[in-house]
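Heads up: the structure comes next, in structure tokens.
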Amino acid sequence: MKKYKSLIILLAVLVVLVVAYVVTGQLKKKSAEKENEEKQIAVLDMSDITSIQYTNGTDTMSFIKEDGTWYSESDKEFPLQQSSLKTMAETFGTLSANRELTDGDTLADYGLEEPQYTITLKNADGEEQNIYIGNAAGEDYYMTVGDKEKIYTVDYSVVNAMNFDLDSMLQKETFPSIGSDNIKKVTITKAGETTEYDADNSDQSDDITAIGGGLGAAYFVDCVDYSVQADELAQYGLDEAQRTTVTVVYTDSDDKEQTFTLYVGGRDESDAYNYVQMDGSKMVNTMTKETVNNILNIEE
1 MKKYKSLIIL
11 LAVLVVLVVA
21 YVVTGQLKKK
31 SAEKENEEKQ
41 IAVLDMSDIT
51 SIQYTNGTDT
61 MSFIKEDGTW
71 YSESDKEFPL
81 QQSSLKTMAE
91 TFGTLSANRE
101 LTDGDTLADY
111 GLEEPQYTIT
121 LKNADGEEQN
131 IYIGNAAGED
141 YYMTVGDKEK
151 IYTVDYSVVN
161 AMNFDLDSML
171 QKETFPSIGS
181 DNIKKVTITK
191 AGETTEYDAD
201 NSDQSDDITA
211 IGGGLGAAYF
221 VDCVDYSVQA
231 DELAQYGLDE
241 AQRTTVTVVY
251 TDSDDKEQTF
261 TLYVGGRDES
271 DAYNYVQMDG
281 SKMVNTMTKE
291 TVNNILNIEE
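If you use the UniProt record's numbering, the sequence shown closes out at 300, no skipped numbers anywhere.
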């Protein structure tokens with residue numbers, strides 16, 4: 001019995017030690033994070049940024065903000081992901097350095113005479129600021145701003161914030177939340193022939209389940225054209241003569257009745273995806289043929 005009590009005491013002590021170790025580790029981590037924040041050197045504080053341009057010497061990306069919306073300066077029709085530019089503006093506009101160098105070396109020693117990256121910011125007041133990024137310094141980069149009088153090291157996240165692939169910044173369309181549980185009616189029209197499915201018709205319950213399964217799993221794989229013109233629809237099988245029209249009446253999360261229309265076109269070269277377009281949209285997206293077949297309630 002004494003051995004049993006001793007074992008319990010030892011286990012209790014071990015638990016206390018483990019808890020103390022974890023708590024101490026967390027406190028040290030928070031202390032280190034706080035200390036690191038306090039060591040940060042404020043370099044730039046620019047608000048209401050309306051223009052961002054950056055270059056790596058080969059490629060240049062330019063964005064402008066008008067009436068609260070960011071656009072690609074080279075193509076204002078491009079559906080730009082607003083969160084990407086908001087993050088970029090915050091990263092560049094409130095710039096802090098890890099340390100300031102005072103050893104007196106030249107700009108060339110840090111790769112700043114001919115910078116790897118140059119970032120130009122403008123704000124609503126007409127102010128302009130240049131940021132220059134030079135060589136890597138471990139996980140940091142050498143940086144200077146404006147007149148290049150001071151040299152700093154800055155976190156690599158500033159470089160990572162620059163995206164030179166515009167396509168990856170495209171704001172994809174999202175599919176509404178529709179499934180067999182909130183479908184009321186589905187109408188499918190192809191070449192003048194119409195098929196209707198009603199959730200209240202018990203004879204069509206299997207059809208509604210199949211269609212709802214397709215709609216519930218539906219998503220857009222890729223955007224192949226973000227601003228399609230009327231005379232270009234035929235190449236995707238999305239002109240009125242070729243497309244299949246799927247109109248769904250459903251209830252949303254607020255139990256309000258909504259109507260959604262999807263146009264289904266032909267297959268791509270791989271025969272794995274269909275071209276699709278939402279009513280009222282200029283975007284042509286792709287969707288897996290399996291999902292499309294379920295939505296159309298057909299088998300291959």
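The C-beta atom is built at its ideal place from N, Cα and C for all residues, glycine as well. As the structure is a prediction and not an experimental result, all values here were calculated from the model.
Local conformation of residue i per DSSP, three classes
i           : result
residue 178 : coil
residue 298 : coil
residue 56  : coil
residue 253 : coil
residue 114 : coil
residue 51  : strand
residue 134 : strand
residue 145 : strand
residue 287 : strand
residue 245 : strand
residue 261 : strand
Interface flag, residue i vs chain C, CB-CB below 8 Å
i           : result
residue 240 : Note that chain C does not occur in the displayed structure, where there is just one protein chain.
Nearest candidate by alpha-carbon position, reference residue i, set the options
i           : options            : result
residue 98  : 153, 116, 108, 86  : 153
residue 75  : 166, 106, 128, 107 : 166
residue 243 : 103, 149, 141, 190 : 190
residue 183 : 84, 259, 85, 66    : 259
residue 215 : 188, 292, 271, 221 : 292
residue 63  : 137, 162, 200      : 162
residue 119 : 93, 250, 202, 81   : 93
residue 240 : 252, 257, 264      : 264
residue 53  : 87, 125, 130, 82   : 130
residue 112 : 121, 101, 134, 127 : 134
residue 159 : 300, 110, 132      : 132
residue 77  : 228, 268, 280, 252 : 228
residue 204 : 187, 267, 173, 280 : 187
residue 290 : 201, 273, 283, 116 : 273
residue 117 : 266, 267, 136      : 136
residue 102 : 66, 144, 126       : 144
Beta-carbon proximity list for residue i, same chain, < 7 Å, skipping 5 on both sides
i           : result
residue 79  : 170, 171, 226
residue 207 : 197, 297
residue 96  : 40, 41, 42, 43
residue 155 : 98, 140
residue 300 : 293
Rounded separation between residue i and residue j - CA only
i           : j           : result
residue 224 : residue 278 : 14 Å
residue 286 : residue 55  : 32 Å
residue 106 : residue 150 : 11 Å
residue 185 : residue 248 : 6 Å
residue 220 : residue 270 : 16 Å
residue 91  : residue 49  : 11 Å
residue 141 : residue 85  : 22 Å
residue 70  : residue 148 : 29 Å
residue 60  : residue 72  : 11 Å
residue 352 : residue 68  : For the chain, the structure presents residues 1 to 300; residue 352 sits outside this window and is missing.
residue 237 : residue 123 : 45 Å
residue 176 : residue 261 : 11 Å
residue 178 : residue 146 : 53 Å
residue 222 : residue 114 : 38 Å
residue 138 : residue 46  : 27 Å
residue 217 : residue 100 : 53 Å
residue 266 : residue 254 : 35 Å
Chain-order list of residues whose beta-carbon lies under 6 Å from that of residue i (same chain, five-residue window excluded)
i           : result
residue 180 : 208, 209, 212
Close-in-space but distant-in-sequence residues of the same chain around residue i (CB under 8 Å, 5 per side omitted)
i           : result
residue 128 : 120, 121, 122
Q.
Ignoring anything shorter than 4 residues, give me the alpha helix (DSSP H) runs that lie fully in the region 185 to 223, in order along the chain.
A. 205 to 217
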